[in-house]
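Worksheet: one structure, shown below.
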Amino acid sequence: MDKVKEIVSEINNGNPKPIYFLMGEEPYYIDRISQFIAENVLTEDEKGFNQMVLYGKDTSVDEVVANAKRFPMMAQYQVVIVKEAQHLSRTIENLVPYAENPQPTTILVLCYKYKKLDKRKKLYKTIKKSGELFESKKLYDNQVADWIRRTLASKKYKISPKSCIMLVEFLGTDLSKISNELDKLTLIVPPTTEITPELIEEHIGISKDFNNFELKKAIGERNVKKASRIIDYFAQNPKDNPFVVTVTLLNTFFTQLLQYHGLKDHSPGNVAKVLGVNPYFVNEYVVAARNYPMKRVSGIISNLRTLDLKSKGVGASNMAQADLLKELLSEII
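Going by UniProt numbering, the first residue of the sequence shown is number 1, and it counts up by one from there.
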């Protein structure tokens, strides 16, 4: 995010680079940077003659270069944006001659999603000298909640740790999807408000009581009644609560619990650091550790892996999700 701010600041200060090569596994920042350039470098009057969007599927490197070499008309710059540039990967090295001597009045933006340039090759080294190479890396699961918190903080909102986890569990790690839902919330909720589970349930449709977060907590507490209610809800709403998501989350939880049992230092700060969790959730592991000794945890992890295979048809053909969920709860508690 700091690199994105740096790129935006340079452009706002009137110092754009002649080439922006935006690459990597996370499309969110690639889209944000290219959109910012498209919306802010030229005025609306200048865009008609001086802004062009090409698509990697429908163009070639030669055509990109030919357009990039044009001069702007009645403007300081022209902007050429190549979306889906990853489709040019076989011939992308042909861009080297242009990158060595780019047109100073052109801002060429290449959106090279889900791939990256080979650092050993000449194009990578050349663009690093003459332009901006930006790699958008996929966030790890345990980094997304903090990304949500920081994104909302930049807009003067707060969010509770439980709310963060609910969003990650329901929306996954797709930053574009998460950003869209956050935009909906910030349109409805005034700044300085804390985003709570109740607000998420009301405006996004994620149940604050019947979700994987609450199931994990109920299982950790050995609260059979609450866990059974959640399991029944999942069985009735299988599309919104895929079994694979539930079993994956529980496998992660019990794997972390196994790590917890192996720690010598059980101070909250050390537990949070080693397990990669928010300190807010450390007490869940303390409670679960009392209910599930290390040997039992190892057995549960083994059972969860077996259930995961069954859900994919290995060792059990066409087993209903309701039956899988009941077996899951039976195996754990």
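Every residue, glycine too, gets a C-beta built ideally from N, C-alpha and C.
The structure presented is a predicted model; accordingly, all values stated were derived computationally and were not measured.
{"Check": "Identify the residues that DSSP records as bridge partners of cysteine 111: which are they?", "Outcome": "Leu22"}
{"Check": "Take glutamate 100 and list the residues in its own chain whose beta-carbon comes closer than 8 Å to its own, dropping the five residues that flank it on each side.", "Outcome": "Thr126, Ser130"}
{"Check": "On the three-pair Cβ rule with 8 Å, is the segment 184-201 touching the segment 160-168?", "Outcome": "yes"}
{"Check": "Quick one: is asparagine 241 buried, meaning 16 or more other Cβ sit within 10 Å of its Cβ, or exposed?", "Outcome": "buried"}
{"Check": "Distance check for serine 136 and phenylalanine 281, CA to CA, integer angstroms please.", "Outcome": "29 Å"}
{"Check": "Quick one, are the C-beta atoms of tyrosine 285 and glycine 220 less than 9 Å apart?", "Outcome": "yes"}
{"Check": "Using the rule of at least 16 other Cβ atoms within 10 Å of the residue's Cβ for burial, across every protein chain shown, is glutamine 256 buried or exposed?", "Outcome": "buried"}
{"Check": "What does lysine 83 pair with, by DSSP beta-bridge criteria?", "Outcome": "Tyr55"}
{"Check": "Drop a sphere of 10 angstroms on the beta-carbon of lysine 3, count the other beta-carbons inside from all chains shown, and report buried for 16 or more, exposed for fewer.", "Outcome": "exposed"}
{"Check": "Do glutamate 169 and asparagine 212 have their CB atoms nearer than 9 Å?", "Outcome": "yes"}
{"Check": "Which of the three DSSP states, helix, strand or coil, is assigned to threonine 106?", "Outcome": "strand"}
{"Check": "Would you decide whether asparagine 50 is buried or exposed? Buried here means 16 or more other CB atoms lie within 10 Å of its CB.", "Outcome": "buried"}
{"Check": "Measuring CB to CB, does valine 243 end up less than 9 Å from arginine 229?", "Outcome": "According to the sequence as given, residue 243 is phenylalanine; it is not valine. Not in contact: phenylalanine 243 and arginine 229 (Cβ atoms no closer than 9 Å)."}
{"Check": "Let me make sure I understand the geometry here. Which of Gly205, Lys155, Glu201, Ile148 has the alpha-carbon closest to that of isoleucine 178?", "Outcome": "Ile148"}
{"Check": "Are leucine 215 and leucine 250 closer than 9 Å when you measure CB to CB?", "Outcome": "yes"}
{"Check": "Give me whichever residues DSSP pairs with leucine 133 in a beta bridge.", "Outcome": "Phe21"}
{"Check": "If distances are taken between C-alpha atoms only, which option among Thr43, Gln236, Lys122, Phe253 comes closest to valine 287?", "Outcome": "Phe253"}
{"Check": "Hey, alanine 153 and alanine 235 are a contact pair by Cβ (cut 8 Å); roughly how many whole angstroms apart?", "Outcome": "The Cβ separation is near 38 Å, so there is no contact."}
{"Check": "Bridge partners of isoleucine 37, per DSSP?", "Outcome": "Paired residues: none, contrary to the question."}
{"Check": "Please report how far the alpha carbon of threonine 105 lies from the alpha carbon of lysine 156, in whole angstroms.", "Outcome": "37 Å"}
{"Check": "With a 10 Å radius around its C-beta and 16 neighbouring C-beta atoms as the bar for buried, classify lysine 217 as buried or exposed.", "Outcome": "buried"}
{"Check": "Please name the residue, chosen from Cys111, Lys295, His266, that lies closest to serine 89 on a Cα-to-Cα basis.", "Outcome": "Cys111"}
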